[in-house]
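Presented below is the structure to which this report refers.
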Amino acid sequence: MTALRLGVVADDVTGACDLAGVVTAAGLPASVLLGPPSPSDVPADGAACVVVALRSRTAPVADAVAESVAAGRWLLAHGARRLYQKYCSTFDSTPAGNIGPVADALAALVGGRSVGTPATPAVGRTVYQGHLFVDGRLLSESPLRDHPLTPMTDADLVRLLGAQTPRSVGLVRWPAAGVPAGERAEHVLLDALTDHDLDRHAAALADGDDLLGGASGLAAALARHWAAAELPAQPPAELPALPPGGGRVVLAGSCSRRTREQIDAFPGPTVRIAVDDLAADSARAVAAAVDAALAAIPAGPVLVTTSLPPDELRAVQQRHGRDHAAALAENALGAVARAVADAGVRRFLVAGGETSGAVTQALGVRQVRIGAQVAPGVPWTVSVGDRPLALLLKSGNFGPPDLFTTAWEVGP
């Protein structure tokens, strides 16, 4: 049995798959457990990294902390040598959390402090002087300022994290690597501009007891370090083959700019579900979407979406409430996924972290195996179980504009 080198507690499903995909590509075979672990759950055979994918990013703080600690304990009980807190590369959170409170709890669990960075240069996320940049722009000036659940209007990570925790927050400024001797802060954030910077941090942090954390960039650097130093070379990931046919469905709930670009670029049939219709009669709106999707499937991939541009989204949230509008959309896409799967669909591409959580829950998927990446942080997966499903679960901001068309060319 492969030793469990890294145990990861992730705050959403797409972030979990992102991290699992990049560490697998870096030489550390990974699997993802969807949802809080139960006593009967065991890590997948051959996994040197196990990621527990929670839906805790925007959950009540107490719930997020309790689920994260339970996941951390399960990972440690199954032999994880290091614990890693996975959060979004755009530091998605609010002044209440949940990054800070979860970091406090997991650091206490391992008896150390937390050290990490959201920097992921492969997808344009860099940190300089403690400020987070997205494709060269400050986070607060990027499209993330309009995020429907966690609008990011400040780019200063020390200030953002400091608002979420009573513990001290420090910063290691570029070009230093690792945590300098004498650093007293209980949470330490790291500048990083390139993958080389992350590799230097990883080499300095690979041994020790501190909680590590951040997005997938630092995790990939740790995987490269450990794979080179400790693990035998691994063959490329191969997923089980699925029977041909069955149809292909894209489910897009993210309202991010990149997902909206992908929707606009998709040339196939598109089924739009209006939140107003869901509020009026959810069952009827879902049934109509399922009928339209099943009718279009024989012609090729079909897109079902609830996504809206920022102005329309704000209007919907004003009419129905932010959380209720989000729940209506997520539950609808989950119901569509379940209905078309019952009709024989076996291949799904899902855009959005909350959407991916709702869809995998509706489909009853508990664990997935990680395959090749279609784009940085966007791997195909296949569910573990009697009826395997191919699932590409992507963050709303990830992937090229033509992803909804090209991803199928390399899928299982």
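Per UniProt numbering, the sequence shown starts with residue 1, numbered consecutively. All C-beta atoms, glycine included, are put in the ideal place defined by N, C-alpha and C. Remember, it's a predicted structure, so these values are computed and weren't measured experimentally.
Residues that residue i bridges to, as DSSP identifies them
i	result
T381	I370 and L391
F348	V249 and L391
S31	V50 and R369
G124	None; G124 has no bridge partner.
A192	V127
T94	G97
L132	V127
L239	The partner list for L239 (beta bridge, DSSP) is empty, contrary to what the question assumes.
V9	V52 and Q85
A375	V378
Helix, strand or coil at residue i [DSSP, three-state]
i	result
S114	strand
F404	helix
H78	coil
V42	coil
H320	helix
M1	Because M1 sits at a pLDDT of 47, beneath the cut-off of 50, its placement in the model cannot be relied upon, and the point is left open.
Q85	strand
L144	helix
R159	helix
L149	coil
R55	coil
L294	helix
residue 421	Summary: the structure shown does not reach residue 421, with the chain confined to residues 1 through 412, and so no result is reported for it.
R260	helix
G15	helix
G268	coil
A274	coil
R224	helix
V399	Checking the sequence shown, residue 399 turns out to be Gly, not Val. It is coil, neither helix nor strand.
residue 413	The chain is shown only over 1 to 412; residue 413 falls outside these bounds and no answer can be derived.
A285	helix
Contact under 7 Å by Cβ, residue i with residue j
i	j	result
L75	G170	no
G377	S216	yes
A48	R5	yes
K394	A351	yes
R257	P143	yes
S168	A181	no
G208	Q164	no
T117	A71	no
residue 415	S356	Residue coverage of the chain in this structure runs from 1 to 412, which leaves residue 415 outside it and unanswerable.
Residue i classed as buried or exposed, judged by whether at least 16 other C-beta atoms fall within 10 angstroms
i	result
V410	exposed
G46	exposed
A64	buried
G111	exposed
Q129	exposed
H201	buried
G15	buried
A229	exposed
R224	buried
R260	buried
A407	buried
A3	exposed
H187	buried
D11	buried
D386	exposed
E141	exposed
A177	buried
Would you check if there are 3 or more beta carbon pairs closer than 8 Å linking the region 120 to 128 to the region 92 to 99?
no
Spell out a yes or no on whether the region 362 to 375 and the region 308 to 320 are touching, meaning 3 or more CB-CB pairs, one atom from each, closer than 8 Å.
no
For the region 298 to 308 against the region 321 to 333, are there 3 or more C-beta pairs whose distance is under 8 Å?
yes
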